[in-house]
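Here is the structure we will look at, set down as structure tokens.
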Amino acid sequence: MLVKVFERPKSMFPVTTHYCPGCGHGIIHRLLAEVIDELGIIERVAGIAPVGCSVLIYNYINCDMYEAAHGRAPAIATGCKRVHPDLIVFTYQGDGDLASIGTAEIIHAAARGENITVLFVNNAIYGMTGGQMAPTTIIGQKTTTSPNGRAPGREGYPVRVAEMLATLEGAAYIARVAVHKPKYIIAAKKALRKAFETQINGLGFSLVEFLSQCPTNWGMSPQKAVDWVEEKMIPCYPLGEFKTPETKKTVEEA
């Protein structure tokens, strides 16, 4: 007798992907759907789509969705959660959306301790608009607007979002994960589930930063892009939990 051991999550629409070969967004979408299914919260979930490659996330995840102006997803999520506190609200944002035009929104949402969950996809480049340098582009990385490689004296340093937000009292759970190899994908799902559980338990702001490959705009094959995440991105952006509800409580008690 054949036993089905792997299938499409119920929270995902059965559609063909529009993402480039080797892109990490599809993996992250699936992890999101799996966590929603496992927590049994699909009837309570509301998501906010960004501007960027994942602007069409509402075509993949079967839940109520808003579309936000570039960078403003945390503001939309704040309004939604405050008006409907019973909902489980998430934003899905890239580095250009969150760490550039949306810097103020994400910092102040975390500082206020808004009880929302943020999925932050860091591929170190602007994807949809042609591969320009992003706030997360690493030192030496070549882009269409840094053809000689990012130099600190000319373009400044990369912004480390997870570390920055972890310093804010309102942040309850902050983690950075990767999705380029199976062992990292397994860890990424665990972190995402903890982020949603943080919100479900009313503990405050949660964010998971995903290091994701972008072969097209990096000018690499999918395999080379996987290697580049391991060899270049992780040394710049260390993986791990930067703040948990447990460490937040310890700090507040001190």
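Here the sequence shown is numbered in our numbering, starting from 11 and rising by one per residue.
Just so it is clear, CB atoms sit at the ideal spot from N, CA and C, and this is done for glycine as well.
Given the structure is predicted, the values throughout are model-derived calculations rather than measurements.
Thinking C-beta only, is E115 closer than 8 Å to R82?
-> Position 72 of the sequence shown holds residue 82. Position 105 of the sequence shown holds residue 115. Yes; because the gap between Cβ atoms is below 8 Å, this pair is in contact.
Would you mind sorting M11 into buried or exposed? The rule is 16 or more other CB atoms within 10 Å of its CB.
-> The count along the sequence shown starts at 1 and reaches residue 11 at position 1. Answer is exposed; the Cβ neighbour count stays below 16.
Cβ-heavy atom distance between T139 and the ligand COA below 7 Å?
-> This structure lacks the ligand COA, and indeed carries no ligand of any kind.
According to DSSP, which residues form a beta bridge with Q103?
-> For this step, residue 103 is matched to residue 93 along the sequence shown. F130.
Three-state secondary structure assigned by DSSP to Y136 = In the sequence shown, counting from the first residue as 1, residue 136 sits at position 126. In the structure shown, Y136 sits in coil (DSSP, three-state: anything other than H, G, I, E or B).
Check the C-beta distance from N125 over to F215 and give it rounded, since I have them as a contact under 8 Å.
-> Residue 125 sits at position 115 when you count from the first residue of the sequence shown. Residue 215 sits at position 205 when you count from the first residue of the sequence shown. Yes, they are in contact, since the Cβ atoms of N125 and F215 sit about 7 Å apart, within 8 Å.
Determine contact between the region 133 to 146 and the region 184 to 199, defined as no fewer than three beta-carbon pairs at a distance below 8 Å.
-> no
Consult DSSP for V236 and reduce its assignment to one of helix, strand or coil.
-> Translated into the one-based positions of the sequence shown, residue 236 becomes position 226. Three-state result, V236: helix.
What do you get for P248, buried or exposed, if any count of 16 or more other CB atoms within 10 angstroms of its CB means buried?
-> For this step, residue 248 is matched to residue 238 along the sequence shown. Result: exposed.
Among the residues of its own chain, which have a CB less than 6 Å from the CB of L178, if the five just before and after it don't count?
-> Taking the first residue of the sequence shown as position 1, residue 178 is located at position 168. Hits under 6 Å: A120, A121.
Validate contact between the region 52 to 71 and the region 159 to 168 using beta carbons, cut 8 Å, 3 pairs = no
With a cut-off of 8 Å, do at least 3 Cβ pairs link the region 68 to 75 to the region 141 to 152?
-> no
Please specify which runs of the beta strand (DSSP E), each continuous and at least 3 residues long, are wholly inside the region 59 to 108, giving them in chain order.
-> 74 to 77, 98 to 104
For M143, name the three-state secondary structure that DSSP assigns.
-> Your numbering for residue 143 matches position 133 in the sequence shown. Residue state, collapsed to three classes: coil.
Straight-line CA distance for W228 to T153?
-> The residue labelled residue 228 in the question sits at position 218 within the sequence shown. The residue labelled residue 153 in the question sits at position 143 within the sequence shown. Each residue's alpha carbon lies about 8 Å from the other.
How long is the line joining the alpha carbons of S222 and H28, rounded to whole angstroms?
-> Mapped onto the sequence shown, residue 222 falls at position 212. Mapped onto the sequence shown, residue 28 falls at position 18. Roughly 16 Å separates the two Cα atoms.
In terms of residue numbering, what span does the beta strand (DSSP E) encompassing V218 cover?
-> Within the sequence shown, numbered from 1, the residue matching residue 218 stands at position 208. V218 -> beta strand (DSSP E) spans 215 to 221.
Pick out whichever of T147, P255, F206, S156 has its Cα sitting closest to the Cα of R54.
-> Start at 1 with the first residue of the sequence shown, and residue 54 comes out as number 44. Out of T147, P255, F206, S156, F206 has the C-alpha closest to the C-alpha of R54.
Which residues bound the alpha helix (DSSP H) around V187?
-> Reading the sequence shown from its first residue, position 177 is the one you call residue 187. Counting along the chain, V187 falls outside any alpha helix (DSSP H), though it belongs to the beta strand (DSSP E) covering 181 to 188.
Who are the Cβ neighbours of R18 in its own chain at under 7 Å, not counting the five residues just before and after it?
-> In the sequence shown, residue 18 corresponds to position 8, counting from 1. Cβ within range, chain order: P24.
By the 10 Å Cβ neighbour count, where 16 or more other Cβ atoms means buried, how is Q3 classified, buried or exposed?
-> In the structure as shown, the chain begins at 11 and stops at 264. Residue 3 is therefore absent and cannot be evaluated.
Applying the criterion that 16 or more other CB atoms from any shown protein chain within 10 Å of the CB defines a buried residue, is K14 buried or exposed?
-> Counting from one through the sequence shown, the residue named residue 14 turns up at place 4. Looking at its Cβ environment, which holds fewer than 16 other Cβ atoms inside 10 Å, K14 is exposed.
Determine the DSSP secondary structure at V171, reduced to helix, strand or coil.
-> The residue labelled residue 171 in the question sits at position 161 within the sequence shown. Three-state DSSP puts V171 in a helix.
Taking R170 as the reference, which of E219, A235, G36 has the closest Cα?
-> The count along the sequence shown starts at 1 and reaches residue 170 at position 160. The option with the nearest alpha carbon to R170 is E219.
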